[in-house]
Amino acid sequence: MRLSMKILIFSEMFPKPNAPSSGIFVKKRLEYLLKEKRMDFDFAPISTFDTSLISFVKRLKKIPRIELTDFLEVEHKKFKVFQVPLKTVTRYEMIKGKTKAWIKYAEEMMKTLEQNFKVSDYNLIHAHRAFPEGHAAFLLSEKYKIPYIVTSHGSEIHSAENDFLKLIIDILENSSKAIFVSEYLRKDAIKKGYSGRKSVVIPNGIDTDIFKPVDKTKARKKLNIYQKDYKYVGFVGNLIPIKRADKLPEIFHDISRSIPNIHFIVVGDGYLKRDIEKRTKDLQITFTGRIKPERVPIYMNAMDVMILPSRNEGWPCVVLEAQACGVPVVGSSNGGIPEAIGDNDMIVTEGPNFENRFAKRVIYVLKNSVSPNKLRRRAVKFSWKSMVRREIEIYCEVANFRF
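The opening position of the sequence shown corresponds to residue 482 in the working numbering, with each subsequent residue numbered one higher.
As structure tokens, then:
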């Protein structure tokens, strides 16, 4: 049994100036790990950066550019942000999805970590995302004979094909523990060839102290959107196709035809925003744009129903956050959405006339009350405190350590 445990955690997913919600689930883990006085860990926020040429290419392809600061501040602690140097041609090939370029990125990520940390001092390595971070963890593990854990968050599994898929499966198989944020995601990896050996499901958590019920009338008045006897339907997320944001106008119009006194709330930003605004000019609708995470709960509390019609999701924390506010969520049957919602009556299956069927389900929920207390009781089971303690148990198991 080890007498001490030191962990190196790293990820490319962390909040950035132009994307404050990016990787917020990684930051939240760190907040709760810092509260565990017995934990000794270092975190490396690590990423490549965009040159002016790469920024131009991304703008043409409608891909968000990367903006970095010098430090990531978590509670009272600052973690230095490390930049991985890459040639412009490698960055361009990464944008094109070339496997060799992404492998090169993982290799350079490993070297950057070696240059800034004494890797041999650690008992355990934890990479958030199976690739490219997972590959860097594998390389470090092979060189220093240190076990590694990888947490798969979704996109790397959903989109993996051919060489990428084989590489990711090898990373999962060689890990000492593979954590998945949803059972759906774990099953998807198994379906694609992963054995499932040493795998466990630990969802992203929610902050139940921030996401909690507030009187709806007060919330609406505070946001200056109160209208007597109106219903409020909202969406929280990036305005991009994977979220099916392109279909929000159709869903909203179908709902408004049955419930004229209705106000829609769209929290989030993305390149589809302008098009959605044009197609919903005739509706009563509030677009917040990108807002600070701490502002999200007040908008959720203003809603009678939140919707999540996504074409795919790993583990949508936004569902549990809404439920913690006592707000029911209607979602699609894709990815980890049904698992997160936990109520088949709130799920709309894929197929013909999806948008119309989705709208009808929202209308039904608006006309039939759902117990806010019941939703809240379910959501609090997924608190960050509980999820992080489960991860600490995994750390102790893999590092053969006991507090």
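Glycine included, C-beta positions come from ideal geometry on N, C-alpha and C.
These numbers come from a predicted model, not from an experiment.
- Taking Leu653 as reference, the option from Thr632, Lys672 and His639 with the minimal CA-CA separation is Thr632.
- The shortest C-alpha to C-alpha distance from Ile844 to any of Lys702, Ile743, Arg870 and Gly677 is the one to Ile743.
- With respect to the 9 Å criterion, Asn604 and Glu731 are not classified as neighbours on the basis of their beta carbons.
- Tyr752 is the residue among Tyr752, Phe733, Tyr629 and Asp710 whose C-alpha sits nearest the C-alpha of Arg540.
- Ser633: member of the beta strand (DSSP E) spanning Tyr629 to Ser633, first to last residue.
- Taking all protein chains in view, the Cβ of Asn815 is crowded by 16 or more other Cβ atoms within 10 Å, so the residue is classified as buried.
- For the pair Leu515 and Ile490, the CB atoms are not nearer than the 9 Å cut-off.
- DSSP places Leu489 in the strand class (E or B) of the three-state scheme.
- Straight-line measurement puts the Cα of Phe524 at about 20 Å from the Cα of Ile683.
- Membership of Lys855 in the alpha helix (DSSP H) is indicated by the continuous run Pro853 to Ala860.
- In this structure, DSSP gives Ala783 a state outside helix and strand, which the three-state scheme calls coil.
- In this structure, Arg776 is the residue among Gln804, Met784 and Arg776 with its C-alpha nearest to the C-alpha of Pro501.
- Ile527 carries a strand assignment under DSSP once its states are collapsed to helix, strand and coil.
- In this structure Ser737 is buried. Its beta-carbon is surrounded by 16 or more other beta-carbon atoms within 10 angstroms.
- Here Asp785 has Lys712, Tyr713, Val714 and Leu847 as same chain residues with Cβ atoms under 7 Å from its own Cβ, once five neighbours each way along the sequence are excluded.
- Asn643 is positioned such that its CB atom lies closer than 9 Å to that of Thr580.
- The three-state reading of DSSP puts Glu872 in helix, counting H, G and I together.
- Comparing C-alpha distances from Asn597 to each of Phe563, Ile627 and Phe619 shows the shortest one belongs to Phe563.
- One thing to note: Met787 has its Cβ no nearer than 9 Å to the Cβ of Pro819.
- With respect to the C-alpha of Phe692, the residue from Arg572, Ser640, Cys806 and Ser852 having the closest C-alpha is Cys806.
- Going by C-alpha positions, Ala582 is about 13 Å away from Leu648.
- Counting only runs of 4+ residues, the alpha helix (DSSP H) found wholly inside the segment 756–842 occupies 777–782, 798–805 and 818–822, in chain order.
- Residues of the same chain with a CB within less than 8 Å of the CB of Asp651, apart from the 5 flanking positions on each side, are Phe619 in chain order.
- CA-CA distance, Lys592 to Ser739, rounds to 59 Å.
- For Ile736, the enclosing alpha helix (DSSP H) stretches over residues Leu729 to Ser739.
- The beta carbon of Gly718 is closer than 6 Å to those of Lys724 and Gly749 in its chain, skipping five residues each way along the sequence.
- Nearest to Val695 by alpha-carbon distance, out of Tyr780, Glu831, Arg678 and Pro496, is Tyr780.
- In the three-state reduction of the DSSP assignment, Glu642 falls in the coil class, being assigned neither a helical nor a strand state.
- The shortest CA-to-CA distance from Trp796 to any of Val662, Lys585 and Ile488 is the one to Val662.
- Judged by their CB atoms, Gly812 and Pro790 are nearer to each other than the 9 Å cut-off.
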